[in-house]
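Terminal number for the sequence shown in my numbering: 721, no gaps in between.
Glycine included, C-beta positions come from ideal geometry on N, C-alpha and C.
For clarity, every value in this text was computed on a predicted model and none was experimentally measured.
Below is one structure; the comments refer to it alone.
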Amino acid sequence: MALILEVSVNSERFTVAGEESLCVLGAHVSAGGKLGDASHGTRHTVDSRGEVMLSVSGLTSRGKGVRDEHLNWGPRHTLAVGDTVTIRVVEGSEFDVPSRRSPVQDYPHSSLSARKRFIDAKSLYFRLRGRFDVHARTLEKQWLRRQYFTLR
């Protein structure tokens, strides 16, 4: 048995989303662009009204040794003013196969403390900044001087 989302648009079935290995499951309605008269919109929708989109997605959690995936059911669906989206939460074992799967990117865990990672990142920033900024050497010296006194 798994948690399932039955999603319909205007009383027509859109998808039945679910899978046994999910840890996240969501149906999301989002609007972007020029959504009101006082809005300037986004850089992509300056001249037109906003877009309203429906998407259904999930994330697996399969345990050690098995790569997790981001799942999507159906394409992103454009909604119009007056559309009704219904989401019914049920338990069951019959659901649609995801239309898209993409592997979760794996980030290595660091054994360094957060403070040490910050100092390393800042040091790298000042080393690289020297190629592009005339004042980088002065700023780097000031930063190193501050680090010397704060780490004592």
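query	result
C-alpha gap between C592 and S668, whole angstroms	18 Å
Validate contact between the stretch 679–692 and the stretch 654–670 using beta carbons, cut 8 Å, 3 pairs	no
Buried or exposed by the 16-neighbour rule on C-beta atoms within 10 Å, applied to S605	For clarity, residue 605 is Gly in the given sequence; the question names Ser instead. Classification for G605: exposed.
In DSSP terms, what N641 is bridged to	S626, R669
Beta-carbon proximity check, R645 vs L623, cutoff 8 Å	yes
Local Cβ density within 10 Å of T744, reported as buried at 16 or more and exposed below that	Residue 744 falls outside the range modelled here, since the chain spans only 570 to 721, and no answer is possible.
6 Å CB neighbourhood of V621 in its chain, flanking five on each side removed	A600, L648
Own chain partners of W712 with C-beta closer than 8 Å, once the 5 adjacent residues on each side are dropped	K691, F695
For R657 and M570, the rounded distance between their alpha carbons	16 Å
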